[in-house]
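A.B. asks:
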Amino acid sequence: MILVRLLLQTVLLALAQIWANKIRAFLTTLGIIIAVWAVITVVGAMEGFKGFMLDQFATFGANKVWVFPRMPPGQRDRYSWRQVRMTIDQVDSLLPNSPSLAAITPILNLNADIQAGDRFLPLASIQGVRPSWHDIEQRYVTVGRPLSNTDEEQRRQVCLINDKGVQELALPEDPTGTYMLVQKRRFLIVGVVETRQVSPMFGGDEAQTEVFIPFRTGEAMREFPRMYAVATTKAPELYEDARAEITAQLRRMRNLKPGEPDTFGVEAIEQAIAQVKAMLGAITMMVAGIVLISLIVGGIGIMNIMLVSVTERTREIGLRMAVGARAKDILTQFLVEAVTLSLIGGVIGILLGVGGAYLVGELAGWRTQLSSASIVLAVGFAACVGVFFGFYPAKKASQLLPIEALRYE
Amino acid sequence: MTTPIIRIREVHKVYRVGAEKVHALRGVDLDIQRNEFVAIMGASGSGKSTLMNILGCLDQPTKGVYELNGKLTHSMDSAQLARVRNEEIGFVFQSFELLNRATAHKNVMLPLVYSRRHFWGARRRAAESLRRVGLSDRMDHRPNQLSGGQRQRVAIARALVNEPSILLADEPTGNLDSKTSDDIIALFKKLHAEGQTILIVTHEEDIAGHAARIVRLRDGRVLSDNPTSQDPIHQDYVRRSLEAAQRAASTEGVTA
Ligand SMILES: Nc1ncnc2c1ncn2[C@@H]1O[C@H](COP(=O)(O)OP(=O)(O)O)[C@@H](O)[C@H]1O
Ligand SMILES: [Mg+2]
Chain U
77 MILVRLLLQT VLLALAQIWA NKIRAFLTTL GIIIAVWAVI TVVGAMEGFK
127 GFMLDQFATF GANKVWVFPR MPPGQRDRYS WRQVRMTIDQ VDSLLPNSPS
177 LAAITPILNL NADIQAGDRF LPLASIQGVR PSWHDIEQRY VTVGRPLSNT
227 DEEQRRQVCL INDKGVQELA LPEDPTGTYM LVQKRRFLIV GVVETRQVSP
277 MFGGDEAQTE VFIPFRTGEA MREFPRMYAV ATTKAPELYE DARAEITAQL
327 RRMRNLKPGE PDTFGVEAIE QAIAQVKAML GAITMMVAGI VLISLIVGGI
377 GIMNIMLVSV TERTREIGLR MAVGARAKDI LTQFLVEAVT LSLIGGVIGI
427 LLGVGGAYLV GELAGWRTQL SSASIVLAVG FAACVGVFFG FYPAKKASQL
477 LPIEALRYE
Chain H
43 MTTPIIRIRE VHKVYRVGAE KVHALRGVDL DIQRNEFVAI MGASGSGKST
93 LMNILGCLDQ PTKGVYELNG KLTHSMDSAQ LARVRNEEIG FVFQSFELLN
143 RATAHKNVML PLVYSRRHFW GARRRAAESL RRVGLSDRMD HRPNQLSGGQ
193 RQRVAIARAL VNEPSILLAD EPTGNLDSKT SDDIIALFKK LHAEGQTILI
243 VTHEEDIAGH AARIVRLRDG RVLSDNPTSQ DPIHQDYVRR SLEAAQRAAS
293 TEGVTA
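So the sequence lines, in the order shown, correspond to chains U and H.
Taking the working numbering, the leading residue of the first sequence gets 77, the next gets one more, and so forth.
Taking the working numbering, the leading residue of the second sequence gets 43, the next gets one more, and so forth.
(1) Quick check on residue 174 of chain U: does DSSP put it in helix, strand or coil?
(2) Answer yes or no: does any C-beta atom of chain U fall closer than 8 Å to that of residue 134 of chain H?
(3) Excluding the 5 residues preceding and the 5 following residue 130 of chain H in the sequence, name in chain order all residues of the same chain whose CB lies nearer than 8 Å to its CB.
(4) So which residues of chain U does residue 153 of chain H contact, with C-beta pairs closer than 8 Å?
(5) Three Cβ pairs or more, each shorter than 8 Å: is that satisfied between the segment 299-306 of chain U and the segment 108-115 of chain U?
(6) Does ligand 1 have a heavy atom nearer than 7 Å to the CB of residue 80 of chain H?
(7) To which residues does DSSP link residue 203 of chain U through a beta bridge?
(8) Do you know how far the Cα of residue 357 of chain U is from the Cα of residue 444 of chain U?
(9) Can you find the residues in the same chain that come closer than 7 Å, C-beta to C-beta, to residue 117 of chain U, ignoring five residues on each side of it along the sequence?
(10) What are the boundary residues of the beta strand (DSSP E) that includes residue 218 of chain U?
(11) Quick check on the burial criterion: 16 or more other C-beta atoms within 10 angstroms. Buried or exposed for residue 237 of chain U?
(12) Put residue 380 of chain U into one of helix, strand or coil per three-state DSSP.
(13) Evaluate residue 248 of chain U with the Cβ neighbour count: other Cβ atoms within 10 Å of its Cβ, from every protein chain shown; 16 or more gives buried, anything less gives exposed.
(14) Any heavy atom of ligand 2 within a distance shorter than 7 Å of the CB on residue 485 of chain U?
(15) Do the segment 79-86 of chain H and the segment 120-137 of chain H make contact, defined as three or more Cβ pairs closer than 8 Å?
(16) Alpha carbon to alpha carbon, what distance is there between residue 392 of chain U and residue 172 of chain H?
(17) Along the chain, where does the alpha helix (DSSP H) that runs through residue 393 of chain U open and close?
(18) Measuring alpha carbon to alpha carbon, tell me which of H:147, H:289 and H:255 ends up nearest residue 274 of chain H.
(19) By Cβ distance below 6 Å, which residues in the same chain neighbour residue 216 of chain U in space, the five residues on each side in sequence not counted?
(20) Checking contacts by CB at 8 Å: is residue 100 of chain U closer than that to chain H?
(21) Taking the straight line between their C-alpha atoms, what separation do you get for residue 155 of chain H and residue 195 of chain H?
(22) Between the C-alpha atoms of residue 343 of chain U and residue 143 of chain U, what's the straight-line distance to the nearest angstrom?
(23) How big is the Cα-Cα spacing for residue 294 of chain U and residue 261 of chain U?
(24) Can you name the residues of chain H whose CB is closer than 7 Å to the CB of residue 94 of chain U?
(25) At a cut-off of 7 Å, is residue 416 of chain U close to ligand 1 when judged by its beta-carbon and the heavy atoms of the ligand?
(26) Can you find a CB in chain H that lies within less than 8 Å of the CB of residue 478 of chain U?
(27) Does the contact criterion of 3 or more C-beta pairs under 8 Å hold for the segment 220-233 of chain H versus the segment 54-71 of chain H?
(28) So residue 287 of chain U packs on residue 348 of chain U, CB below 8 Å; how close in whole Å?
(29) With 16 other CB atoms within 10 Å as the buried threshold, where does residue 311 of chain U fall?
(30) Cβ of residue 245 of chain U within 8 Å of Cβ of residue 195 of chain U?
(31) Does residue 150 of chain U pass the burial test, meaning 16 or more other C-beta atoms within 10 Å, or should it be called exposed?
(32) Give me, in chain order, the residues of the same chain whose beta-carbon lies closer than 6 Å to that of residue 185 of chain H; leave out the 5 immediate sequence neighbours on both sides.
(33) Can you pull the chain U neighbours of residue 114 of chain H, defined as C-beta to C-beta under 9 Å?
(34) How would you list, in chain order, the residues of chain U whose beta-carbon sits under 8 Å from the beta-carbon of residue 268 of chain H?
(35) Beta carbons nearer than 9 Å to chain H: which residues of the segment 380-400 of chain U have them?
(36) Please determine if the segment 394-412 of chain U and the segment 466-478 of chain U are in contact, where contact requires at least 3 C-beta pairs separated by less than 8 Å.
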């Protein structure tokens with residue numbers, strides 16, 4: 077009970093003491109204010125940024141794997157394009173040889189002039205895809221029908237077009253049944269797919285006209301068709317397995333000897349996510365370092381002001397001892413004052429930090445995610461700094477002899 | 043005979059200033075009984091404050107025995123000494139030593155903050171103590187809103203609040219004018235009449251005259267220790283001041 081009263085008195089006393097020296101107290105806690113402010117704003121902004129990135133990745137599908145030709149870096153003269161380019165046989169061999177894969181489609185990139193009526197678009201993006209493309213890319217028709225296996229087998233001259241293309245070519249709202257020219261060939265429009273806006277972060281810019289045709293139809297339009305493949309794994313966490321299986325299969329197909337580099341690339345979204353997480357983790361660590369330093373600087377400020385306070389109040393300490401304060405009561409008093417001072421800094425820091433995090437989120441356009449962990453951590457750290465750096469001055473005060481403290485001028 | 047509140051034997055105090063030693067007390071013996079009112083007198087530098095600080099457990103003797111209420115103080119640790127200062131001693135300083143930020147009431151409550159006694163009713167006790175010194179109407183004043191005499195009354199209220207067995211006052215009127223000094227002395231007499239044991243240091247004979255016993259120090263030793271009525275120096279002082287008063291009265295009569 078005596079402890080409760082003493083503690084209460086001590087806290088009130090500390091608050092009164094701090095209030096009596098407002099400006100000094102504020103300047104003293106500036107280091108802590110800034111540290112806590114920084115940690116909350118940065119952690120909040122980072123969490124927001126991470127959420128934003130993950131949302132972006134999710135639009136690609138978390139379990140997608142890309143397989144594409146790639147010259148081994150720095151060995152351009154050793155491999156010819158013929159060795160590196162991907163063939164349909166290679167793509168078709170992947171699904172039966174990679175048990176982790178759920179589906180796959182080759183994607184053939186053509187750039188060709190297109191025309192409908194008197195509207196003409198030069199070098200539009202034409203992609204030859206299998207019907208499985210719809211499920212893999214999660215892009216379905218809004219009008220008409222999807223591409224079918226029959227289209228594929230019979231190399232039909234049919235196509236899908238996106239909303240943007242419908243606009244650009246001034247086609248009717250439902251263009252199914254009408255024809256357009258792709259590289260001077262007549263294609264029957266069978267369906268419309270939604271335009272997908274790619275985030276600028278991933279190199280997407282303004283939505284473009286896209287035309288999708290059956291893969292084999294496209295293949296027949298080029299002597300050496302350039303293609304890559306997109307597959308889905310049976311589960312997101314299988315991407316490492318899928319990558320190993322695909323790599324082994326393609327190396328076998330391409331007769332690559334052990335020690336020779338891969339002449340292709342296999343990338344998964346999961347991997348990119350892991351990289352982003354690692355990067356954010358590294359930035360967080362860096363910020364933590366900066367925060368630690370500013371907390372130490374703030375702590376030294378507190379220690380300094382507490383030493384001044386002990387000196388200024390030497391007679392008061394003597395008086396308190398003369399009326400019965402024990403060394404540990406004096407120690408507690410100054411410790412509580414130091415902790416109160418740093419907690420006040422912490423609270424101001426939290427307010428500024430929360431405001432800052434929301435402001436950053438607002439400006440950058442992502443949803444700020446304040447982690448209560450970072451707030452608890454910041455306050456805990458502030459209190460620890462108070463105890464740690466307040467201890468020496470408090471100890472010094474408590475070790476004064478009553479009569480010597482009273483004699484102090 | 044009952045045990046004295048204070049019993050010191052052969053107390054020495056040596057201050058070390060650099061290589062020099064100052065012998066402030068050179069073997070002092072003193073007993074203070076319950077409900078005594080004792081004045082300690084002596085020239086400046088004779089060791090009065092040194093003795094008071096030792097009696098108040100603010101300082102420790104270099105040599106000698108100090109028994110407070112039958113307990114030996116030199117075997118106590120600093121926490122036990124703190125409790126003794128809190129519960130058994132009320133100390134009044136020449137320079138008041140009030141906390142300037144706190145009201146009179148808060149100042150008086152200070153010893154109770156560190157006390158195991160009076161957990162409930164600390165506020166009421168402090169108010170009661172202020173009433174005893176006649177400052178009920180100044181409870182919420184800060185020291186800088188009070189006169190010197192009032193400040194010393196607050197300090198006395200603080201010294202009394204935890205019911206000490208002895209009130210120690212080191213030149214309590216040293217910073218006050220003579221009118222205010224008389225008021226403070228009157229307060230001490232009232233407290234003594236209520237049963238309080240009091241020990242005050244003063245170098246003014248007329249103030250010492252209010253005490254029942256006068257202990258005189260010189261160069262760290264007890265020079266004399268007499269009831270006031272039998273103290274030759276004091277009686278001499280009383281006689282001379284009486285004569286001076288009579289002379290003043292008669293010259294007044296001549297001019298009239
Ligand atoms: N803290 C100290 N350090 C050194 N010498 C001291 C100290 N306090 C008192 N003295 C010396 O001890 C002697 C007694 O001092 P003090 O007890 O203050 O005398 P008084 O109160 O009777 O004037 C003096 O010579 C004084 O100079
Ligand atoms: Mg003195």
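Glycine is no exception: its CB is placed at the ideal position from the N, C-alpha and C atoms.
C.D. replies: According to the structure data:
(1) coil
(2) no
(3) 110, 111, 206, 207 and 208
(4) 399 and 400
(5) no
(6) no
(7) U:185 and U:288
(8) 17 Å
(9) 429, 432, 433 and 436
(10) 217-220
(11) buried
(12) helix
(13) exposed
(14) no
(15) no
(16) 21 Å
(17) 390-398
(18) H:255
(19) 210
(20) no
(21) 20 Å
(22) 7 Å
(23) 11 Å
(24) Ordered by position in chain H, no residue passes the 7 Å Cβ test against residue 94 of chain U, which lies about 12 Å from the chain.
(25) no
(26) yes
(27) no
(28) With a Cβ gap of about 28 Å, residue 287 of chain U and residue 348 of chain U do not count as contacting.
(29) exposed
(30) yes
(31) exposed
(32) 140, 142 and 193
(33) Going along chain U, no residue has its Cβ under 9 Å from residue 114 of chain H, so there is no contact; the nearest lies around 19 Å.
(34) Residues of chain U passing the Cβ test: none, with the nearest at roughly 30 Å.
(35) 391, 392, 394, 395, 396, 397, 398, 399 and 400
(36) yes
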